[in-house]
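*Asks:* Chains as they are written, first to last, in my numbering: chain A, 5 to 397; chain B, 42 to 186.
Pasting a structure here, questions to come.
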């Protein structure tokens, strides 16, 4: 049977099923018709009967059943129902169980709550979530004046709020992901950022990133990983994008370089936000929250997260990103830790022995690289060493 | 114990897909869910056989509110005696309209999982209580349950 204990896991999977089969709009339609108007119809019924107080009682009951660590605050005089979520059990299920089937699981809440509220003459006044299980909301009836609440339990005062990336709504309207760009969808942010170039060079940190083949082909628009940005190990210039790895040890150095750079020449910071990895606090080291890349990779069928199984290295994720952006790509510095020099990374002494950590594997790397290159077709130039490694794999 | 209101969403999801896309898509949804989402359980079933399948379901139903289920192994066959289906009970108790084909989600989701693990899925009964069996595909038919 399909039970309620793991519902959140296959709920996320269901979004992905509908999206890949019937497109983006199918998911929004599902949230409205199946969830807001059918599954959660008791919210609208309670709200119709007793307004914000009815919604409050319904949510409190749900909170008890789902063991939500949250605070609901109702102030009818100010026409506001506020929620501060400290640990969302729903998103928490996905993070705990290393699940990430669809582009953005958290979107489902605004996806059903807003239409449910609209159906009873109410609306979302403000909302933000950080994709790590923390969020806050203010809801109001449309026909009366509204005042925001200032509460001690405001989740934005909690250190956990510093993690993740934010989606934000004001007056029921989604706000841009980046202050200087209009898109509200991270996929559009990525497309817009890289729209000024047809050519992208993806540089891993392997020794081939600095050999004569690469030097002769490296372009102006480069994507590097965070250690390269921090140390200039294989690239001295200003990259167009920096993909920060899931276990970065270079955040402070990245922050130092980033903040010393003129804002007009700063790279776009990006991150995978993989569910099974500890979520990084970028804000505390002075960095803006990076733009997530998984939504774009999932939308293009370039990545399927497999719970508990190895995932690609950051360099391979950068390659998949370039392919998803449909650029002419040059890729080098991905040597699968098998460079004949015996060096794993440039500038390091020869180790001659590399042991894959549990969370990566050579098979995972070659599978993802091959799939990405197949999708890219003739628009990619691959370092001959990597080509040979893939042929031999 | 998990929140039983999620059964509302399971019922509503099936209704939405049926009404919007038709029965073939609903069946494909259920079967794909079994094959893809439950890939990990399938691997365990395939490797562990009947005892593991029975234990998996026993533990699964223990975490479903108000479920009354007995899982047993008879030779190579797993038998589930579902005396109280927690989903149907909660939907009924809450006055929800239950989709006519709601019980078929077991046939298709469990069926797809069973097939991938080398078993055939059988169900007799439904809408509140039923008997389910996981029979090795190589096993001779034992007759109707």
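Ideal Cβ placement from N, Cα and C applies to all residues, glycine included.
Note that the structure is a prediction, hence the values are computed from the model and not measured.
In whole angstroms, give me the CA-to-CA distance for residue 186 of chain B and residue 39 of chain A.
*Replies:* Confidence at residue 186 of chain B is low in this model, with a pLDDT of 47, below 50, so the placement of that residue should be treated as unreliable; the coordinate-derived value is given next. Between residue 186 of chain B and residue 39 of chain A, the C-alpha separation is close to 36 Å.
*Asks:* If you measure from the beta carbon of residue 367 of chain A to each beta carbon in chain B, is any gap under 8 Å?
*Replies:* Cβ-Cβ to chain B under 8 Å: no for residue 367 of chain A.
*Asks:* Should residue 5 of chain A be flagged as near chain B, meaning a C-beta pair shorter than 8 Å?
*Replies:* Interface residue, yes.
*Asks:* Taking 8 Å as the CB-CB limit, is residue 109 of chain A close to chain B?
*Replies:* No, no contact with chain B.
*Asks:* If we cut at 8 Å on Cβ distances, does residue 170 of chain B have a partner in chain A?
*Replies:* Not one chain A Cβ lies under 8 Å of residue 170 of chain B.
*Asks:* Three or more C-beta pairs closer than 8 Å, one from the segment 73 to 89 of chain A and one from the segment 55 to 65 of chain A: is that the case here?
*Replies:* Cβ pair count under 8 Å is three or more, so yes.
*Asks:* Pick out the complete beta strand (DSSP E) segments inside the segment 185 to 229 of chain A, 3 residues or longer, and give them in chain order.
*Replies:* Correct list: 203 to 207, 226 to 229.
*Asks:* Strictly below 8 Å CB to CB, what residues from chain A border residue 162 of chain B?
*Replies:* Near residue 162 of chain B there are no residues of chain A at all, since even the closest Cβ is about 12 Å away, more than 8 Å.
*Asks:* What's the gap between the Cα of residue 75 of chain B and the Cα of residue 310 of chain A?
*Replies:* Straight-line Cα distance between these residues: approximately 15 Å.
*Asks:* Which value, in whole angstroms, describes the spacing of the CA atoms of residue 94 of chain B and residue 67 of chain B?
*Replies:* In a straight line, the C-alpha of residue 94 of chain B is about 25 Å away from that of residue 67 of chain B.
*Asks:* Helix, strand or coil: how does DSSP classify residue 173 of chain B here?
*Replies:* If DSSP states are grouped into helix, strand and coil, residue 173 of chain B belongs with the strands.
*Asks:* If residue 198 of chain A and residue 377 of chain A are in contact, beta carbons under 8 Å, what's the gap, nearest whole angstrom?
*Replies:* No, residue 198 of chain A and residue 377 of chain A are not in contact; Cβ-Cβ is about 19 Å, not under 8 Å.
*Asks:* According to DSSP, simplified to helix, strand and coil, what is residue 352 of chain A?
*Replies:* In this structure, residue 352 of chain A counts as coil in the three-state DSSP scheme.
*Asks:* Let me make sure I understand the geometry here. Which of A/111, A/121, A/159, A/228 has the alpha-carbon closest to that of residue 144 of chain A?
*Replies:* When each option's Cα is compared against that of residue 144 of chain A, the closest is A/121.
*Asks:* Residue 12 of chain A and residue 94 of chain A: beta carbons closer than 8 Å?
*Replies:* Closer than 8 Å, so yes.
*Asks:* Considering only the alpha carbon of each residue, which of A/361, A/104, A/296 lies closest to residue 314 of chain A?
*Replies:* Checked all of A/361, A/104, A/296; the closest Cα to residue 314 of chain A is A/361.
*Asks:* Compare the C-beta of residue 260 of chain A with all C-beta atoms of chain B and state if any pair is closer than 8 Å.
*Replies:* Not closer than 8 Å to any Cβ of chain B, the Cβ of residue 260 of chain A fails to qualify, so no.
*Asks:* Do residue 301 of chain A and residue 262 of chain A have their C-beta atoms within less than 8 Å of each other?
*Replies:* No, Cβ-Cβ distance for residue 301 of chain A and residue 262 of chain A is not below 8 Å.
*Asks:* Looking at the strands, I want to know which residues DSSP matches up with residue 145 of chain A.
*Replies:* A/126.
*Asks:* Determine, for residue 15 of chain A, whether the minimum Cβ-Cβ distance to residues of chain B falls below 8 Å.
*Replies:* So, interface residue.
*Asks:* Kindly indicate which residue of A/181, A/259, A/383, A/44 has the alpha-carbon position closest to the one of residue 123 of chain A.
*Replies:* Measuring from the Cα of residue 123 of chain A, the nearest candidate turns out to be A/44.
*Asks:* Under a Cβ-count criterion, where at least 16 other Cβ atoms within 10 Å of its own Cβ denotes burial, should residue 100 of chain B be classed as buried or exposed?
*Replies:* Result: exposed.
*Asks:* Check whether the Cβ atoms of residue 173 of chain B and residue 139 of chain B sit closer than 8 Å, and answer yes or no.
*Replies:* No, these two residues do not count as a Cβ contact at 8 Å.
*Asks:* Please confirm if the segment 344 to 354 of chain A is in contact with the segment 43 to 53 of chain B, defined as three or more CB-CB distances below 8 Å between the two stretches.
*Replies:* No, the segment 344 to 354 of chain A does not touch the segment 43 to 53 of chain B.
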